[in-house]
Structures are given as C-alpha cells and as structure tokens.
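Visitor: My questions all concern the structure below.
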Amino acid sequence: MILNEILDELSYELKRRKVVNVCVGTSYTGVLLDDQSLGISITLTDGEVEEAGELQGKYAFDVANNFDSPMRRSISMAVMNALTPDDVKRGDPLQLFQGGRLCMFGYSPQVKVEGFSEVVSYDFSPEPVQGSRPFSDFRSEICSTAVIFGSSLVLNNIEKILKNLKAEHLIMNGASSVMAPNTLKRYGFEAVGKLVPLDRNRAFRTICEGGNARQLARYLDRVHLILT
30 MILNEILDEL
40 SYELKRRKVV
50 NVCVGTSYTG
60 VLLDDQSLGI
70 SITLTDGEVE
80 EAGELQGKYA
90 FDVANNFDSP
100 MRRSISMAVM
110 NALTPDDVKR
120 GDPLQLFQGG
130 RLCMFGYSPQ
140 VKVEGFSEVV
150 SYDFSPEPVQ
160 GSRPFSDFRS
170 EICSTAVIFG
180 SSLVLNNIEK
190 ILKNLKAEHL
200 IMNGASSVMA
210 PNTLKRYGFE
220 AVGKLVPLDR
230 NRAFRTICEG
240 GNARQLARYL
250 DRVHLILT
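Read in order, the letters of the sequence shown correspond to residues 30 to 257 in this note's numbering.
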C-alpha cells in the first residue's frame, strides 16, 4: 500500500522527531514537531482517535504509523506533511505544465485552469462543485496532465485513481500532500507540491480555531519539488 511505502521512506526522519502539539480543526488538521515544523492535512471526521490526549510527546513515526480510519489518517498525513526537503522551490507545480487535457482529483477542485484545452475535475465531496464530476463516476481517464491532491491519501483512494489513470505528467499537490520523492516517482509522479507556513503560529491557530481554506491561505505559501 502506498501509505505504508511513504511512511517507510520517511521513517528515518520521523523517528528523530517528536510531536509537540496536535490540533484537529473542522477543516484542517495541524501537527507541530519539535523542530518547529508544521504539518497540515485536511480533516475527515470518520472514525476516532483512540490515543486522543496521549499524542503529545510521542515520536512522530509512532503517531504517523496508523492508517485505520479517515480521521486517523488526517493526523498521520499532517505528521508526514511536516517534513519538507531542503531543495524545494517556490510556486505551484501545475504552472510548469500546459497543453492538452488536464484531469484533477480532489475536494472541490478547480474546474477552470488556464493553459489547457480541457479540464476534467473529479470531486471527492458529497456535493460536487458546479462543473466537476462526482468521484463515484470515475472509471478511467487518459490525460495529458493529471493532478491528484493529497486528500486522496486521507481518503485512501489514491491507488484506485492510479490504477485507472493514464497521464503523460502526474502531479501530487495540495494541503495533505506528502513529499516522499522516491515512492512518488516509483508510482509515476513527476512533481509534488505542498503548502508551507509563512507564519507558523498564525497558521496553527487558524487551524485550531476552525479556519477554512481562504483564511488559512493567508499564512501559507506554495512550494514544489521536481522528481528527477
């Protein structure tokens, strides 16, 4: 399973770090590690966190090593999202590609993106945004460029997408994205993007206080890594 492979790739760093604070907000989950890095994921509330009240002070690997439910995966992805390679560059990786058919998989994905002749968006939400298709309709797609958002890791539907998708360029992106370059490259990804805090404390407080994507975006920047 790709989640286990990602965890294994990041295990060395995760075993060196401890969790300082965890906040499961209504829209996002935030995790602070002892090196002051902040990890972010979307929050899905299905399931429960059996170790609630006991996560602070644990090694990051032990907290991340639990994929039992969407809610637990929200925390696990936030922990792994806290790790950012030194060689990332600023900007959205999608801006590096253009032309042809763009396919997007995520919660409320964009339905209009400049530079592509066609945009097909599959929405994980129970009520898809106008112009997108419900993910339940997804059977297979052939695309020039495809963007799979990190929320697919929280939902654990990424393997279904990869199995039924053909794309010249494949990108992992979004708030729940995890930078595990070796694993992602093995699955055909060409680039990975994520959000990093410009103001760590304000970003964490916004998560804890129920902030939405627009509010959280004030304190975040986009970075990416090309997988060569």
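For each residue, glycine too, the CB sits at the ideal point set by N, CA and C. In this text the structure is predicted, and so the values were computed from the model without any measurement.
Whole-angstrom Cβ separation of L32 and R229, contact assumed at under 8 Å?
Guide: Taking the sequence shown and counting its residues from 1, the one referred to as residue 32 is at position 3. Taking the sequence shown and counting its residues from 1, the one referred to as residue 229 is at position 200. The pair is not a contact, with the Cβ atoms about 26 Å apart (cut-off 8 Å).
Visitor: Tell me the rounded alpha-carbon separation between L84 and V53.
Guide: Numbered from 1 along the sequence shown, position 55 holds the residue referred to as residue 84. Numbered from 1 along the sequence shown, position 24 holds the residue referred to as residue 53. Approximately 12 Å between the Cα atoms of the pair.
Visitor: Ignore the nearest five residues each way along the sequence and tell me which others in A175's own chain have a CB closer than 8 Å to its CB.
Guide: Translated into the one-based positions of the sequence shown, residue 175 becomes position 146. Result list for A175: L131, C132, M133, F134, L194, A196, H198, L199, I200, in chain order.
Visitor: Between the C-alpha atoms of M109 and I71, what's the straight-line distance to the nearest angstrom?
Guide: Indexing the sequence shown from 1 puts residue 109 at position 80. Indexing the sequence shown from 1 puts residue 71 at position 42. If you draw a straight line from the Cα of M109 to the Cα of I71, it is about 13 Å long.
Visitor: Roughly how many angstroms separate the alpha carbons of S165 and G120, rounded to a whole number?
Guide: Counting from one through the sequence shown, the residue named residue 165 turns up at place 136. Counting from one through the sequence shown, the residue named residue 120 turns up at place 91. For S165 and G120, the distance between alpha carbons rounds to 31 Å.
Visitor: Answer yes or no: do G86 and K47 have a C-beta to C-beta separation smaller than 8 Å?
Guide: Within the sequence shown, the letter at position 57 stands for residue 86. Within the sequence shown, the letter at position 18 stands for residue 47. In this structure, K47 lies closer than 8 Å to G86 by Cβ.
Visitor: Helix, strand or coil: how does DSSP classify T174 here?
Guide: Translated into the one-based positions of the sequence shown, residue 174 becomes position 145. Of the three classes helix, strand and coil, the one that applies to T174 here is strand, per DSSP.
Visitor: Could you name the residues that DSSP lists as bridge partners for Y88?
Guide: As a working note, residue 88 is residue 59 in the sequence shown. Partner(s): K47.
Visitor: Pick helix, strand or coil for N202, following the three-state DSSP scheme.
Guide: Taking the sequence shown and counting its residues from 1, the one referred to as residue 202 is at position 173. Here DSSP, grouped into helix, strand and coil, assigns N202 to strand.
Visitor: Using DSSP's beta-bridge definition, name the partner residues of G135.
Guide: Locating residue 135 in the sequence shown gives position 106, where the first residue counts as 1. G135 pairs with D152.
Visitor: Taking the alpha-carbon of L39 as reference, which of N50, V92, Q139 has the nearest alpha-carbon?
Guide: The residue you call residue 39 lines up with position 10 of the sequence shown. Ranking N50, V92, Q139 by Cα distance to L39 puts V92 first.
Visitor: Just confirm the distance between the C-beta atoms of I104 and L224, as a whole number of angstroms; I'd bet it's less than 8 Å.
Guide: By one-based count along the sequence shown, residue 104 stands at place 75. By one-based count along the sequence shown, residue 224 stands at place 195. Not really, about 17 Å apart at Cβ, beyond 8 Å.
Visitor: For the segment 230-240 against the segment 200-215, are there 3 or more C-beta pairs whose distance is under 8 Å?
Guide: These segments do not touch.
Visitor: Select from V140, R168, Y136, L245 the residue whose C-alpha is nearest the C-alpha of Q159.
Guide: Working through the sequence shown from its first residue, we reach residue 159 at position 130. Closest by alpha carbon: V140.
Visitor: Alpha carbon to alpha carbon, what distance is there between D97 and F90?
Guide: The residue given as residue 90 occupies position 61 in the sequence shown. The residue given as residue 97 occupies position 68 in the sequence shown. Spanning the two alpha carbons is a distance of roughly 15 Å.
Visitor: Run through DSSP, which three-state label would S169 get?
Guide: The residue given as residue 169 occupies position 140 in the sequence shown. It is coil, neither helix nor strand.
Visitor: Please return the same chain residues whose Cβ sits closer than 6 Å to the Cβ of G239, not counting the five positions on each side in sequence.
Guide: Reading the sequence shown from its first residue, position 210 is the one you call residue 239. Cβ neighbours of G239 beyond the five flanking positions: G54, T55.
Visitor: Going by DSSP, what residues sit across from T58 in a beta bridge?
Guide: By 1-based counting over the sequence shown, the position of residue 58 is 29. V53, S70.
Visitor: Tell whether a beta-carbon distance below 8 Å holds between N9 and F178.
Guide: For residue 9 there is no data in the structure shown, the boundaries of the chain being 30 and 257.
Visitor: For P114, which three-state DSSP category applies?
Guide: On the sequence shown, residue 114 is found 85 positions in, with the first residue counted as 1. DSSP places P114 in coil when its eight states are reduced to three.
Visitor: Looking at L256: is its Cβ nearer than 8 Å to the Cβ of V117?
Guide: Walking along the sequence shown from the start, residue 256 turns up at place 227. Walking along the sequence shown from the start, residue 117 turns up at place 88. For L256 and V117, no; Cβs fall outside 8 Å.
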